[in-house]
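> I have a structure here, written as structure tokens, and I will follow up with some questions on it.
Numbering (this note's numbering), first residue to last: 108 to 286.
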């Protein structure tokens, strides 16, 4: 190869080059993103892949080193939330995979671009309906779903996420996260 460097994570974008005041630079987007990276948490998680989104710019002949990314291992925490019925969990699984998986990952396993709800369920449980039905986190990109589902269906999805959080904790599931 002409040149290599450790980028500390995957490169998904194509490189481009430009010149400023006679100096040539090469820039590339790092990390995964767009709709194709969202639903594949079950694939990236077990591989211990972590998303590091940033633009890397290299000056030809430059000597600066890329600063390190601190990564820690996080265990899926236990929770004390009430478990839903088998029926509500099954209904929630179907609804989650129809409506939520495109962003939050198939089978409730996030690829890391948006929150893995299983890791946050204890925190968001009290506000679930406000978030899901009424857009309580719309400023963060989470839309309101009240036009597309009932409050009961949103509760079934919550029951499914609680169930998946319990299973993941029982399995000792862990993920890598940026510190």
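Where is the CB? At the ideal position from N, CA and C, for every residue including glycine.
Keep in mind the model is a prediction, meaning the values are calculated, not measured.
From what residue to what residue does the beta strand (DSSP E) around residue 226 run?
On the chain shown, residue 226 is found 119 positions in, with the first residue counted as 1. Counting along the chain, residue 226 falls outside any beta strand (DSSP E), though it belongs to the alpha helix (DSSP H) covering 224-231.
> How many angstroms separate the CA atom of residue 137 from the CA atom of residue 286?
For the purposes of this step, residue 137 is taken as the residue at position 30 of the chain shown. For the purposes of this step, residue 286 is taken as the residue at position 179 of the chain shown. Looking at the two C-alpha atoms, the distance is approximately 18 Å.
> When the Cβ atoms of the region 185-197 are set against those of the region 234-247, are three or more pairs found closer than 8 Å?
Contact between the region 185-197 and the region 234-247 is absent: fewer than three C-beta pairs spanning the two stretches fall below 8 Å.
> Quick check: what's the CA-CA separation for residue 255 versus residue 197?
For the purposes of this step, residue 255 is taken as the residue at position 148 of the chain shown. For the purposes of this step, residue 197 is taken as the residue at position 90 of the chain shown. Whole-angstrom Cα-Cα distance: 19 Å.
> Going along the chain, which residues of its own chain have a beta-carbon closer than 8 Å to the beta-carbon of residue 134, five neighbours each way excluded?
The residue given as residue 134 occupies position 27 in the chain shown. Answer for residue 134: 122, 123, 124, 125, 162, 163, 164, 165, listed in chain order.
> Applying the criterion that 16 or more other CB atoms from any shown protein chain within 10 Å of the CB defines a buried residue, is residue 258 buried or exposed?
As a working note, residue 258 is residue 151 in the chain shown. Answer is exposed; the Cβ neighbour count stays below 16.
> Can you tell me which of the three DSSP states residue 111 falls into?
Along the chain shown, one-based indexing puts residue 111 at 4. Assigned with DSSP and collapsed to three states, residue 111 falls in coil, not helix or strand.
> With the cut-off set at 9 Å, would you say residue 115 and residue 209 are in Cβ contact?
As a working mapping, residue 115 is identified with position 8 in the chain shown. As a working mapping, residue 209 is identified with position 102 in the chain shown. Cβ distance not < 9 Å, so residue 115 and residue 209 don't count as in contact.
> Which of helix, strand or coil does DSSP assign to residue 165?
The count along the chain shown starts at 1 and reaches residue 165 at position 58. Taken through DSSP and simplified to helix, strand or coil, residue 165 comes out as strand.
> Please report how far the alpha carbon of residue 249 lies from the alpha carbon of residue 128, in whole angstroms.
Residue mapping note: residue 249 aligns to position 142 of the chain shown, counting from 1. Residue mapping note: residue 128 aligns to position 21 of the chain shown, counting from 1. Using only the alpha carbons, I get a separation of about 43 Å.
> For the beta strand (DSSP E) holding residue 285, just list the boundary residues, first then last.
In the chain shown, residue 285 corresponds to position 178, counting from 1. DSSP places residue 285 in the uninterrupted beta strand (DSSP E) bounded by 281-285.
> Is the distance from the Cβ of residue 180 to the Cβ of residue 282 below 9 Å?
The count along the chain shown starts at 1 and reaches residue 180 at position 73. The count along the chain shown starts at 1 and reaches residue 282 at position 175. It is a contact, given that the beta carbons lie within the stated cut-off.
> The beta strand (DSSP E) with residue 125 in it runs from where to where?
Against the chain shown, residue 125 aligns to sequence position 18. Taken as a continuous stretch (DSSP letters only), the beta strand (DSSP E) holding residue 125 covers 123-127.
> How should residue 118 be labelled, buried or exposed, when 16 other C-beta atoms within 10 angstroms of its C-beta is the threshold for buried?
Looking up residue 118 in the chain shown gives position 11. Label assigned to residue 118: exposed.
> Mind listing, in chain order, the continuous beta strand (DSSP E) runs of no fewer than 3 residues lying wholly within the region 240-270?
none
> Take residue 222 as the anchor and find which of 132, 111, 158 has the nearest alpha-carbon.
For the purposes of this step, residue 222 is taken as residue 115 along the chain shown, with counting starting at 1. Taking residue 222 as reference, the option from 132, 111, 158 with the minimal CA-CA separation is 158.
> How would you label residue 246, buried or exposed, when you count the other beta carbons within 10 angstroms and need 16 or more for buried?
Position 139 of the chain shown, counted from the first residue, corresponds to residue 246. Counting Cβ neighbours within 10 Å, residue 246 comes out exposed, since fewer than 16 surround it.
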